[in-house]
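Using my numbering, the letters of the sequence shown map in sequence onto residues -6 to 433.
All C-beta atoms, glycine included, are put in the ideal place defined by N, C-alpha and C.
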Amino acid sequence: MSHAGGQGDQALTAHSAIRAAGQGALVASFLLLTAMPLVDFLGRPLADFHIPGSATYTQQLTFYLAFLGGLLATWTGKHLTLSTAVLLPEGRARQSAEFFADCAAASVTAVLTYASVGVVIAERQLGHKLSFGLPTWVSESVMPLALAMMALFYVHRSSRSWAGRAAAAAVVAGVFALGWVRPLASITWALSGLLLAATLVGSPVFAAMSGLGLILFWQEATPVSAVSAEIYRLIASPTLPAIPLLTATGFVLAETQAPHRLVRFFRALFGFMPGGVAVLVASVCALFTAFTGGSGVTIIALGGLVYPILLEDGYSEHFSLGLVTAAGSLGLLFPPSLPVILYSVVAKVPADQLFVAGLVPGTVLLVLVALYGIHVGRKIQRDRQPFAWREALAATWEAKWELSIPLVMALLFGSGLASLLETSAFACGYTMVIACFIHR
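This is the structure we're talking about:
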């Protein structure tokens, strides 16, 4: 028994060491990704200094971040999934559903591994090198290695017994065997249905999206390596590295007391008017979503704070829940919204043009929601505090650092002093300085 326990402890220690190494590599890649555009931005006006090949470095760091982050998310169970699996009863039904979901995820990641290996082999034959001399295929090797480890993890997690894991491996092998089957519409629909069912019972969303793409490529008799090649091509976009930087900016803000300071600021401005609390919620959620890039993060960061305020002000429970949920999407058209940047990468449209085009529609959406909140608020009979200049000034001063972030970004990017990547790096570094040294 002690021998078995010692082996278990050693396995746990090895697993923890591997995870710590992966987290360390992820943090180092992110810090380098933040620092390099900042060095270029700050060095340009001082001595026209820049890091040679910095664009290539940032692209590769983004590539490493994507796959190392995906690998760590797999190990820690942090991939985005639907919550419908929790509706299944405990016991055999849930275990079967989890096995099915893990088999689907393992199959998709295994096929993606095969596809990325094809890309690496083709790149090695071409003999291309990056600007700093590293062969391109060596850099691309991160992709199949990370995906292979993810596939093995899903197979291992699918069952507690080795017989169950062998069955999961057999399912993966069966999926590969479909490569020799003539594509038929009936098979395509069946595979798509199975993938949808797996997603509903807990398979990661990335597996559903990737798997559907693989199925459609298979139906058209297109080599699946095209999927991995397209992933690597998108990494070459000079705009894409801004996404992890802005994501980090939003999460740093969400983990600090910034939501409380912003709520106090908007409450001091609008709390005196009928429906002012609804205007507060719409405004603060729009501002926050512009940085976090997703309504879910905004709801998590602000929902527990503004929902009780709405109830306390006399709004109904249904209206309060609806307003918090809807307001979480109001900032998606305002800079530096991540979905807009991602669309600009895929559609090959300059991000600044998209932000200008989205400014009026985004403002209209915000105003309409605020007006509806005022309309509902006017029906609530409640004594309201008059507008207080002292409180407004105090709240503005307390939230000055958070309020300055969008202003600084608009100044840098709008004036042409910095590119979108440099602006994002500055915002990320600026936010971390605020969180670590000013509001610690």
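- Per DSSP, the unbroken alpha helix (DSSP H) holding Asp345 starts and ends at 344 to 370.
- Pairing Thr106 with Glu116 gives a Cβ-Cβ distance that is not under 8 Å.
- Pairing Ser89 with Thr77, the inter-Cα distance amounts to about 14 Å.
- Leu404 is classed as exposed because its beta carbon has fewer than 16 other beta carbons within 10 Å across all chains shown.
- By the beta-carbon neighbour count (other beta carbons within 10 angstroms, threshold 16), Met29 is buried.
- Leu326 has its alpha-carbon roughly 9 Å from the corresponding atom of Val353.
- Per DSSP, the continuous alpha helix (DSSP H) segment holding His311 begins and ends at 310 to 320.
- For Ile114, the enclosing alpha helix (DSSP H) covers residues 85 to 119.
- Shortest Cα-Cα distance from Leu280 to any of Val174, Val148, Leu331 involves Leu331.
- Boundaries of the alpha helix (DSSP H) around Ala59: 47 to 69.
- Counting along the chain, the unbroken alpha helix (DSSP H) around Gly422 starts and ends at 413 to 426.
- The C-beta distance from Leu358 to Leu323 rounds to 6 Å, short enough to fall under 8 Å.
- A straight-line Cα-Cα distance of about 21 Å links Ala247 and Thr74.
- Annotation for Pro332: the continuous alpha helix (DSSP H) segment containing it runs 331 to 340.
- Between the alpha carbons of Gly36 and Leu414 lies a distance of about 15 Å.
- Here Leu171 is actually not in contact with Thr55; their C-beta atoms are around 32 Å apart, not less than 8 Å.
- Closest by C-alpha distance to Phe146, out of Phe92, Leu177, Ser124, is Phe92.
- Residue state for Pro176 is assigned as coil, using DSSP reduced to three classes.
- Of the other Cβ atoms in all chains shown, 16 or more fall within 10 Å of the Cβ of Pro329; this residue is therefore buried.
- In this structure Asp41 is exposed. Its beta-carbon is surrounded by fewer than 16 other beta-carbon atoms within 10 angstroms.
- Counting C-beta pairs closer than 8 Å gives three or more between the segment 94 to 111 and the segment 204 to 223, which meets the contact rule.
- Going by beta carbons, Thr67 and Cys421 fall outside the 8 Å limit.
- Assignment of Pro30 by DSSP, reduced to helix, strand and coil, places it in the helix class.
- In this structure, Leu188 keeps its C-beta atom at 8 Å or more from the C-beta atom of Ala392.
- When secondary structure is reduced to three states using DSSP, Pro128 falls in the strand class.
- Taking a cut-off of 8 Å for Cβ pairs, the segment 130 to 140 and the segment 167 to 181 do not touch, as fewer than three such pairs fall below it.
- Taking Arg383 as reference, the option from Glu305, Leu262, Met425 with the minimal CA-CA separation is Leu262.
- Sequence-distant partners of Val369 (beyond 5 residues in either direction) whose C-beta falls short of 8 Å from its own C-beta, in its chain, are Gly268, Ala271, Tyr308, Phe312.
- Exposed is the label assigned to Val198, since fewer than 16 other Cβ atoms lie within 10 Å of its Cβ.
- For the 8 Å CB-CB criterion, Ile302 and Thr318 do not form a contact.
- Less than 8 Å separates the beta-carbon of Leu19 from that of Gly62.
- Taking the C-beta atoms as reference points, Cys96 is found nearer than 8 Å to Ser151.
- Excluding the 5 residues flanking it on each side, Ser109 has same chain C-beta neighbours closer than 7 Å at Met136, Pro137, Leu140, Ser221, in chain order.
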